[in-house]
Structures are given as structure tokens and as C-alpha cells.
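One line per chain: the protein sequences are A and B, in this order. Each step along the first sequence adds one to the number in this note's numbering, with nothing skipped, and position 224 is 224. Each step along the second sequence adds one to the number in this note's numbering, with nothing skipped, and position 279 is 279. Heads up, the beta-carbon is just placed ideally off N, CA and C, and yes, glycines get one too. What you are looking at is a predicted structure, and each value in this text was computed from that prediction instead of being measured.
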Amino acid sequence: METPRMKPAEFLDLYEQLLRIRTLSEHILEVYQDDVMETPVHLTLGQEAVAVGVCANLDKDDVLSLGHRTHAGALAKGMPLKALVAELYGRTTGCSGSYGGSMHVYDPEHGLHGSSAIVGGNIALGVGAGLSFSLQSKDNIAVSMFGDGACDAGVFWESMNYAALAKLPVLFLLEDNTLSNVMPKSKHLFPDPAAIASHFMPTFFADGTDVLSVYQAANEACGEIRRTGGPAFLHCPTKRWMKHQGVEEEDLPFIHIDRSKDCPIQKLERYLLGSHLATPGKLKEIRARVDQALADAVRFAKESPYPNPEVLEV
Amino acid sequence: MPWSRFEKQWSIVEDGRILSYKDAVREAIDQAMCLDPKVFAIGLDADDCYGVYGTMLDLSHPERVLGTPISENAMTGVALGAALTGMRPIHIHMRADFLPVAMDQITNYVSKWKAMFGGKPKVPLVIRAVVGRGWGCGAQHSQSLHGMFAHLPGLKVVTPATPRDAKGLLLQAISEDEPVLVLEHRWLYKNEGAVPEEMYTIPFGKGNYLRRGGALTLVAPSLAAIHALKACEEHDLDVDLIDPRTIKPLDREMILESVQRTGRLLVVDYDSPACGFASDVLALVAEEAPDVLKRRAGRMTFPDVPMPSSGVLERRFYPDPERIAARVKAMIGITQSEEAFV
Numbered sequence: 001m002e003t004p005r006m007k008p009a010e011f012l013d014l015y016e017q018l019l020r021i022r023t024l025s026e027h028i029l030e031v032y033q034d035d036v037m038e039t040p041v042h043l044t045l046g047q048e049a050v051a052v053g054v055c056a057n058l059d060k061d062d063v064l065s066l067g068h069r070t071h072a073g074a075l076a077k078g079m080p081l082k083a084l085v086a087e088l089y090g091r092t093t094g095c096s097g098s099y100g101g102s103m104h105v106y107d108p109e110h111g112l113h114g115s116s117a118i119v120g121g122n123i124a125l126g127v128g129a130g131l132s133f134s135l136q137s138k139d140n141i142a143v144s145m146f147g148d149g150a151c152d153a154g155v156f157w158e159s160m161n162y163a164a165l166a167k168l169p170v171l172f173l174l175e176d177n178t179l180s181n182v183m184p185k186s187k188h189l190f191p192d193p194a195a196i197a198s199h200f201m202p203t204f205f206a207d208g209t210d211v212l213s214v215y216q217a218a219n220e221a222c223g224e225i226r227r228t229g230g231p232a233f234l235h236c237p238t239k240r241w242m243k244h245q246g247v248e249e250e251d252l253p254f255i256h257i258d259r260s261k262d263c264p265i266q267k268l269e270r271y272l273l274g275s276h277l278a279t280p281g282k283l284k285e286i287r288a289r290v291d292q293a294l295a296d297a298v299r300f301a302k303e304s305p306y307p308n309p310e311v312l313e314v
Numbered sequence: 001m002p003w004s005r006f007e008k009q010w011s012i013v014e015d016g017r018i019l020s021y022k023d024a025v026r027e028a029i030d031q032a033m034c035l036d037p038k039v040f041a042i043g044l045d046a047d048d049c050y051g052v053y054g055t056m057l058d059l060s061h062p063e064r065v066l067g068t069p070i071s072e073n074a075m076t077g078v079a080l081g082a083a084l085t086g087m088r089p090i091h092i093h094m095r096a097d098f099l100p101v102a103m104d105q106i107t108n109y110v111s112k113w114k115a116m117f118g119g120k121p122k123v124p125l126v127i128r129a130v131v132g133r134g135w136g137c138g139a140q141h142s143q144s145l146h147g148m149f150a151h152l153p154g155l156k157v158v159t160p161a162t163p164r165d166a167k168g169l170l171l172q173a174i175s176e177d178e179p180v181l182v183l184e185h186r187w188l189y190k191n192e193g194a195v196p197e198e199m200y201t202i203p204f205g206k207g208n209y210l211r212r213g214g215a216l217t218l219v220a221p222s223l224a225a226i227h228a229l230k231a232c233e234e235h236d237l238d239v240d241l242i243d244p245r246t247i248k249p250l251d252r253e254m255i256l257e258s259v260q261r262t263g264r265l266l267v268v269d270y271d272s273p274a275c276g277f278a279s280d281v282l283a284l285v286a287e288e289a290p291d292v293l294k295r296r297a298g299r300m301t302f303p304d305v306p307m308p309s310s311g312v313l314e315r316r317f318y319p320d321p322e323r324i325a326a327r328v329k330a331m332i333g334i335t336q337s338e339e340a341f342v
């Protein structure tokens, strides 16, 4: 793979982004059993590289349309950690004012216009944002991010068809963890979605467990969209470490995960140290900063008020 | 389909510039597009040479009328996505029966989006759909579904009955920052009435007296309101006739005030009966004014079966002005037996 042309600081920024998301997941693992977060969580453990690699190619006003697995995408797109953590803790200071929870996150200032828990539909909303940019002659792009499960749904095909027909600036981002809940892809999806997508639009590929691979492919895909004004497709195979929902590890017999070899963070660490882009001390410094940011966010959340039940007119 | 053979249903005689319902809708869209470059229309066949029964023809900004593939579900999501990112879309369906194709997006996305994010998002999305009926349209081309959609928290449901309301309510819908479903009845398209030339809005949740009377309160939306008006005028019935104009929000005060005066209530609703608009109006009176009724309240709706196609069956299936008049007469005691007309 060609190594992305980036400044050393940008490599380190990718590292910090990955860590921020991972650290939040680890915090959730720690506290979830205590029911302090009354919301179904779909963790992004092991899948951090897709969102981080793509979002590093997006501007603040570019749109990211997310489904139910939100944490990585939201943070990578720029949502403040405090807003997400407070939402998970059900507080009024959360990104959705406590009305959304883990699956429904909102931060229009960073191009996050709301996420959805019905698999597939958010793809269309991303296309709508692309239509909006096109009608307003804006140079922004919209990213519809979804998993292989969403490729089963009609809205996936309808959205690709319309985006191609109307030539809209949309990146169809397939984060392919090969699982629809516990169904392997061989049981839920007959065609190869990227092969089909290539009939509609330029199609790109990346290793979804390698943030540099994703960054590079997303760079090319986004460049294509910004150049042509039309859509592109990016297929990122990755691995889901946890069960579809909750804090238990995946234990399906046909899923094989090597938590060192498949880990996006360790992969990048090995690269950074091997190519002398960072020292162990520097990485340690970043880890400390990320840990502190999470501790601050958790404190902020816990000190924030719950909503007043009286707001509901019963 | 001989739509051209359908005559005007019944028009209110009034002064002013006279416009058809269809042209009133067209004028609202044209004026909204001229006022605000963010307003655009999108829908299956919205941009073809027929222009959605003429409501989309000869607009000042045809470049903002977009056709779509047969993909109502995704296109509803597309319209929502555009609404969330600065545009004011009007998503158009030639038949209300096509709305259920987009039920996921309407139920789980459009109607929920504002509340699901703590009330923060603006969702300036209008969904326009045309209700059909008759001439063998059958089960999949004759539904109104306003009761079903009003069931969804977060969605406003509007059913204009007059040309004036068609324009004013549509302009209000376009100006809203929350999603609105506007259901226009195809049988009203030729009806004429006074329509101001300038832009104006009619607030939601404000009903309209189509006739004043003292013996019975008749509540009827959309085409049913016009059929009820015809029944009352042709039979000179002493009826307080309320067109609610919007199913949700509902003008509860107007209905309650009237029922308290008349002591009799009939709801005529061209929709299926179960858990419907008519049931809701009866529930309102049962909850808020249980003691005012002099006799039991009545509902006239479709039977609780899908629409038949045969003309013979259709004429039995659909209420009409004559049957409405007969039911009113029975309820206010002009005729002996009410049951004969149920």
C-alpha cells in the first residue's frame, strides 16, 4: 500500500482519534453493567479505523449520515467528547438533550444531522444532504455510512440509483464487518455489494482495520467526488470485536479475531514507531491526554442534570 | 381514467377572485418558490408534462421541480436529508396510497427526527399527497389514510377542503419548521372559490365553520366537508358544520363549543373507521363534555373493509351528500328511524 502523504502531526492526529474512540469504548465496558448508561450501545471496538480514516478527509461542513453504530463516526467527525458521553449518561447536556441515547446523536455544527437505528434508512438521508449541496451549488460532500446488513435493504439500492442518476456528491461508505447481528454475510447478502456499486459509480477499496489504508482510499474517493460532483463507493472490510449490541465479546465460531494483529491502534503504533514518526514517549503523552479528556467528559456528564420528567405532558 | 368527467363537487358562493382548488395549490407552490430559493418540489412524475394534475405546470422555477425514480421510501429520506441541511422540500405523491411505500421513513424518521434529538433540528419538510376515489380505483388507489398518519406523534396532518384553504394551508405547511403531510382530495380539484392573490397562511389547529346552525354539530374534513355542505344546503338543514381543516393539530375548542350548544354530534369522515379521526372526535366529546349530548353521537365512515372496485359496490361503499342528509335528518328528528340510514 502506498503510504499517505501526510505531515507527522497528521499521523499523530489519526492516532489520537483512534485512541479517543477506543478509550470511550473501554469506559463503557467498565461501567455498563452498573446501568449508569440506560441506552443500547453498539460498540465500535476494532472498527475505529474506518470512521477515522474517512473523516480525516472531510471538512467541518461535510455531512456524515450515521446508523445505529455511532460513537466512532460522531467523534471522528468532530463531536465534542463531552456531548457524546453526557448523552450516554442520559443528561440534558448530551448531544441530543437526553432524547437520543447512543443510537441517536446530533451535532449539526459538525455535519452530524442525526443518526438512525433502523438499518439502511440513513443512507437516503446522506443522499438528501448531497442533493442539498448540489441545489445550493456548495462544494461539500455527504457521506452515508452503513454496514453490510444495510446492503440487504431496498433503500440501499434506491439511494445509489438516485445519487447516480442525479449525480450527487455522496460517498457511500460500506463498513463491512461481515455480520448482520449474528448472521454471516453468506446468509444475508447474495451479491458482492462493491461489485454492484461499481456499475453505479467509481468504487474504491481499503483495509478497514488499517487507518492509513482507509485514509488513502478515502482521499482518492473524496477527491473523485469533489472533482466530478458525482457519487463514489468505498468498501472497507473490518472486524467487529463485540456482539452486535452490548458489552460482551463476539464468540461466533466462524469469526476469527486476533486482537493484536487486527487492532487498528496497534497497527498504527507499529507503523509510527517503525518509521520513526513517533517515539514511545510521544505516544504515551497522547495516551495520557486522551485519558484525561475522557475523565473530564465523564465528570462533566455526571455533574450534568437529568431531564425533568415534568417536561412530558402526561 | 375519466377524471375530466368528474364535475365540481360543491362550491361556496362568495365574492373575490375565483380560482379552482387545483390552481390555488399551484399558486401556493409558485409563490413559495419565488419567495424562497430554498423551496423545491420533488416526487415521482412531479416534473412530467401532466404536472401532478396541473398543480406543477407553468411554474416560475421549473428547475426546482425534480422527478424521481419509483423509490418513495428512499426519496422520503432524501427529502428529509435535504430539509435538515438547509432546503425546504415539498415531496409529492400522485396517490396517497404510495405513502405506505415510504412508511419506514415517515414513521421512523420524518415524524421522529425533531423529538429524537431533543427538539433541536428544524425539519421543514412538506409531503403532499393526492387522495383518489371512485370509477373503479379500488383498494390501492382510493385511500386517504389521514387517521393512520395522525396517529404518529410528530407529524402534522392537513386536509384542505376549499380553494382558499388549499393555498393558505399549503403556504403555512411550507413555512413550518416541522414536517407536515398535506392530503388533497382529487375530487376537489375542480371546485372553485374566492382565493386572495397575495400570499397568506392559515394557521393549523383552527377549524372553519362552513355553515352555522343549532340542531346538530357536523364535523367533516376534506371532501366530506364539501359533501356535508352540499347536503345541508340542498336540504336546508339546521347544522353547525365544522371543517377542522387540520386533523392534527385539531381545533378541539371549536368542536366542544359547538356540541355544547347543539347537543348532537355527527362526524363524517371519508376514511376507515377503526382508531380513526371520527373515533377521536367522539372520544374528545366523551372526555371533555360527556353530559351535553341529547342523543348518542354518530359516525359516518367507510366500512371497515378495503375499497371495492365495481361501481355497484363503490356507490354503496362511499358516503355521499344524500346519505349524509338522511343521517342528519334522522339524528335531529326530522325522520323517524335513524338506523335505516346507517
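For P231 of chain A, no beta strand (DSSP E) encloses it, and the DSSP letter there is neither H nor E.
Residues of chain A whose Cβ lies closer than 9 Å to the Cβ of S71 of chain B are, in chain order, A124, G154, V155, W157, E158, S159, N161, Y162. In terms of beta-carbon proximity, R252 of chain B stays away from the interface with chain A, with every pair separated by 9 Å or more.
When C-beta distances to chain A are compared with 7 Å, the residues of the region 88-112 of chain B below that value are D104, Q105, N108, Y109, in chain order.
Using a CB distance below 8 Å, no part of the region 188-205 of chain B faces chain A. By the Cβ test, the region 181-197 of chain B is not in contact with the region 229-240 of chain B, since fewer than three Cβ pairs between them sit closer than 8 Å. The Cβ of K120 of chain B sits closer than 9 Å to at least one Cβ of chain A.
Cβ proximity to chain A below 8 Å picks out nothing from the region 136-152 of chain B.
Assignment of beta-bridge partners to I332 of chain B by DSSP yields no partner. Excluding sequence positions up to five before and after R22 of chain A, its CB lies within less than 8 Å of the CB of L45, E48, I265, all in the same chain and listed in chain order. Going by DSSP, D291 of chain B is part of no beta strand (DSSP E) at all; its letter is neither H nor E. DSSP places L210 of chain B in the strand class (E or B) of the three-state scheme.
In the DSSP assignment, V31 of chain A falls outside any beta strand (DSSP E) and lies within the alpha helix (DSSP H) extending over 8-31. The secondary-structure analysis by DSSP pairs L64 of chain A across a beta bridge with A:V143. The Cβ neighbour count for Y50 of chain B, taken over all protein chains shown within 10 Å, is under 16; the residue is labelled exposed. Counting only the Cα atoms, S272 of chain B lies some 48 Å from K60 of chain A. Along the region 99-174 of chain B, the alpha helix (DSSP H) occurs as fully enclosed runs of 4 or more residues at 113-116, 146-150, listed in sequence order. Taking one beta carbon from each stretch, the region 258-269 of chain B and the region 171-186 of chain B have fewer than 3 pairs nearer than 8 Å; the two do not touch. Boundaries of the alpha helix (DSSP H) around S132 of chain A: 121-135.
Excluding five sequence positions before and after I225 of chain A, the CB atoms of its chain that fall closer than 8 Å to its own CB belong to I141, P169, V170, L171, P231, A232, given in chain order. For V259 of chain B, not one C-beta of chain A is nearer than 9 Å to its own C-beta. Pairing D207 of chain A with A51 of chain A, the inter-Cα distance amounts to about 12 Å. For G73 of chain A, the enclosing alpha helix (DSSP H) covers residues 71-77. In the DSSP assignment, P89 of chain B falls outside any alpha helix (DSSP H) and lies within the beta strand (DSSP E) extending over 88-93. By the neighbour-count criterion, in which 16 or more other beta carbons inside 10 Å mark a residue as buried, A286 of chain B falls on the exposed side.
Assignment of F156 of chain A by DSSP, reduced to helix, strand and coil, places it in the helix class. Each residue's CA atom was taken as its position, placing K77 of chain A and L14 of chain A some 12 Å apart. For the C-beta of V78 of chain B, the chain A residues within less than 7 Å are, from N- to C-terminus, A124, V127, G128, L131, Y162.
Ranking A:K261, A:R270, A:P193 by CA distance to the CA of H235 of chain A puts A:P193 first.
T203 of chain A has A:F233 as its beta-bridge partners, per DSSP.
Across the structure, T93 of chain A and G67 of chain B are spaced so that their CA atoms are roughly 41 Å apart.
Contact of A74 of chain B with chain A is assigned, a C-beta pair being separated by under 9 Å.
In this structure, B:C275 is the residue among B:D23, B:D104, B:C275 with its C-alpha nearest to the C-alpha of H146 of chain B.
Taking 9 Å as the threshold, the shortest C-beta distance from G90 of chain A to chain B does not fall below it. Under the DSSP assignment, E72 of chain B falls outside any beta strand (DSSP E), being part of the alpha helix (DSSP H) whose first and last residues are 72-84.
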